[in-house]
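Residue numbers (my numbering): 212 to 445.
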């Protein structure tokens with residue numbers, strides 16, 4: 212039989228197998244996301260994910276290089292949702308300062324509503340880049356980069372627009388967007404813990420409460436101040 216006569220059959224089988232593989236991967240990622248939201252990132256184990264899908268844990272490793280890759284692609288799902296929230300917030304106004312304020316508020320609201328997103332994002336960021344590249348496939352890293360870049364591009368565009376109009380004084384809008392994202396993840400932890408630590412007297416700690424609104428207001432004020440010409444903006 213000639214190659215011309217067999218190619219359609221082989222292609223068809225390959226296409227079906229590829230489709231099944233993509234569906235299985237999506238199913239595993241969705242199960243991981245549900246466990247993240249229900250239990251948190253720390254308590255989500257590969258065995259639990261496999262059980263939720265109804266498969267053997269070995270099958271997960273056929274689709275993903277390991278836990279780091281699975282968690283990275285689950286983070287992509289959160290980031291895609293965050294990007295939509297940021298895009299919607301940006302569309303509410305054309306004024307750069309007001310737009311930056313809305314973007315930070317949208318970021319805070321999403322982070323507080325999805326604590327597993329913050330944990331997952333921080334877990335990935337804590338890994339040295341070289342280690343992560345060794346544990347996550349090139350295609351997965353590309354998807355993660357796309358997802359992060361999609362969120363940061365909304366923020367970067369607002370900063371660039373403000374710089375063009377003279378509202379902001381920033382030499383590198385992309386760098387500032389990355390810094391605001393990274394520092395924002397850390398500050399969101401403060402909103403989750405809802406506690407401030409200070410000294411009531413030398414050596415005597417004092418614990419007080421901080422509200423989500425205070426955290427949100429602080430992040431907005433910080434972003435506006437830095438973009439307007441703070442030490443990290445120039």
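We put the beta carbon where it would ideally sit given N, CA and C, even for glycine. Quick caveat: nothing in here was measured; it's all calculated off a predicted structure.
Bridge pairing for residue 415: 412 [DSSP]. The alpha-carbon separation between residue 360 and residue 354 amounts to approximately 10 Å. Beta-bridge partners assigned by DSSP to residue 420: 406. Positions of the alpha helix (DSSP H) runs, each at least 4 residues long and wholly inside the stretch 349 to 379, are given as 349 to 376 in order along the chain.
Judged by DSSP secondary structure, residue 271 falls within the alpha helix (DSSP H) whose first and last residues are 268 to 274. Under the three-state reduction of DSSP output, residue 261 falls in the helix class.
Rounded to the nearest angstrom, the gap between the Cα atoms of residue 344 and residue 275 is 14 Å.
Of the candidates 246, 272, 320, the residue whose Cα lies closest to the Cα of residue 403 is 320. By the C-beta density criterion, residue 244 is buried, having at least 16 other C-beta atoms within 10 angstroms. Spatial neighbours of residue 408 in its own chain (CB-CB distance under 7 Å, excluding positions within 5 residues in sequence) are listed in chain order as 416, 418.
Residue range 326 to 336 is occupied by the alpha helix (DSSP H) that includes residue 330. The three-state reading of DSSP puts residue 383 in coil, since its state is none of H, G, I, E or B.
Residue 349 has its alpha-carbon roughly 33 Å from the corresponding atom of residue 372.
By the Cβ neighbour-count rule, residue 229 is exposed, with fewer than 16 other Cβ atoms within 10 Å of its own. By the beta-carbon neighbour count (other beta carbons within 10 angstroms, threshold 16), residue 420 is exposed.
Counting along the chain, residue 285 sits inside the alpha helix (DSSP H) bounded by residues 278 to 301.
In terms of Cβ geometry, residue 362 and residue 290 form a close pair [threshold 8 Å]. In the three-state scheme derived from DSSP, where H, G and I count as helix and E and B as strand, residue 310 is classed as helix. Sorting 302, 426, 308, 251 by C-alpha distance to the C-alpha of residue 437 places 308 at the top. In the same chain as residue 310, and ignoring 5 residues on each side of it, the C-beta atoms closer than 6 Å to its own belong to 301, 304, 369, in chain order.
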